[in-house]
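Undergrad: In the working numbering, the protein residues as written are 17 to 147.
Below is a structure I'd like to ask you about.
See below:
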């Protein structure tokens with residue numbers, strides 16, 4: 017089985033030993049994704065809806081580089097620092113995945129990698145094995 021990795025180019029990938037996404041055959045696993053801009057700054061620190069939108073934009077970019085798209089997503093996991101934000105986060109997720117409807121979990125966690133991060137999203141996709 018072929019293995020293909022997607023890198024975002026951050027220093028943390030080599031330090032921590034992870035990839036933005038890994039494609040193994042037809043499966044693509046996208047690592048936990050937070051709302052950051054091109055310079056690594058947190059996007060919309062006080063807006064869980066916008067953070068969800070941005071994280072999903074980055075998930076879509078990683079999937080595209082791995083030869084898949086949002087329509088191939090079968091599973092998402094959403095980690096939030098305040099479960100009371102579930103409606104805003106769910107609305108943003110639903111706008112992207114409304115017709116795709118992947119299996120999804122939303123879990124409140126004590127904190128994420130940075131104090132301004134309110135949402136982190138993982139995704140799993142299954143796409144045609146011929147890239």
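Glycine residues also receive a C-beta, built at the ideal position from the N, C-alpha and C atoms.
Just curious, the beta strand (DSSP E) that residue 121 is in, first and last residue?
TA: As a first step, residue 121 must be located in the chain shown, where it is residue number 105. Counting along the chain, the beta strand (DSSP E) containing residue 121 begins and ends at 119–124.
Undergrad: Could you name the residues that DSSP lists as bridge partners for residue 95?
TA: For the purposes of this step, residue 95 is identified with residue 79 of the chain shown, where counting begins at 1. In the DSSP output, where bridge partners are listed per residue, residue 95 has 123 and 136.
Undergrad: Just to confirm my understanding: we take residue 121, look at its own chain, exclude 5 residues before and 5 after, and list those with CB closer than 6 Å. What are they?
TA: As a working mapping, residue 121 is identified with position 105 in the chain shown. Around residue 121: 93.
Undergrad: Assuming contact is defined by CB atoms lying nearer than 8 Å, are residue 39 and residue 83 in contact in what I supplied?
TA: Residue numbering aside, residue 39 sits at position 23 when the chain shown is read from its first letter. Residue numbering aside, residue 83 sits at position 67 when the chain shown is read from its first letter. Yes; because the gap between Cβ atoms is below 8 Å, this pair is in contact.
Undergrad: Can you give the beta carbon distance from residue 124 to residue 96, rounded, assuming they're within the 8 Å contact cut?
TA: Position 108 of the chain shown, counting from 1, holds the residue named residue 124. Position 80 of the chain shown, counting from 1, holds the residue named residue 96. About 6 Å; that satisfies the 8 Å criterion.
Undergrad: Have a look at 32, 21, 61 and 141 and flag the residue whose alpha-carbon is nearest the alpha-carbon of residue 98.
TA: Walking along the chain shown from the start, residue 98 turns up at place 82. Closest by alpha carbon: 61.
Undergrad: Considering residue 20, what are the terminal residues of the beta strand (DSSP E) in which it resides?
TA: Position 4 of the chain shown, counted from the start, is the residue given in the question as residue 20. It spans 19–22 - the beta strand (DSSP E) in which residue 20 sits, taken as one unbroken run.
Undergrad: Please state if the CB of residue 144 and the CB of residue 42 are separated by a distance shorter than 8 Å.
TA: Within the chain shown, numbered from 1, the residue matching residue 42 stands at position 26. Within the chain shown, numbered from 1, the residue matching residue 144 stands at position 128. In this structure, residue 144 lies closer than 8 Å to residue 42 by Cβ.
Undergrad: According to DSSP, what are the bridge partners of residue 52?
TA: Position 36 of the chain shown holds residue 52. Answer is 58.
Undergrad: Leaving out five residues on either side along the sequence, give the residues of the same chain with a beta carbon under 7 Å from the beta carbon of residue 53.
TA: Here the question's residue 53 lines up with position 37 in the chain shown. Around residue 53: 59.
Undergrad: Please look up how many angstroms separate the CB atoms of residue 105 and residue 68, rounded, as I've assumed it's under 8 Å.
TA: The count along the chain shown starts at 1 and reaches residue 105 at position 89. The count along the chain shown starts at 1 and reaches residue 68 at position 52. Confirmed, Cβ separation roughly 5 Å.
Undergrad: Once the 5 residues before and after residue 102 are set aside, which same chain residues still bring their CB inside 8 Å of it?
TA: Here residue 102 refers to the residue found at position 86 when the chain shown is read from its first residue. Result list for residue 102: 96 and 122, in chain order.
Undergrad: Three-state secondary structure (DSSP) at residue 105?
TA: Here residue 105 refers to the residue found at position 89 of the chain shown. DSSP places residue 105 in helix when its eight states are reduced to three.
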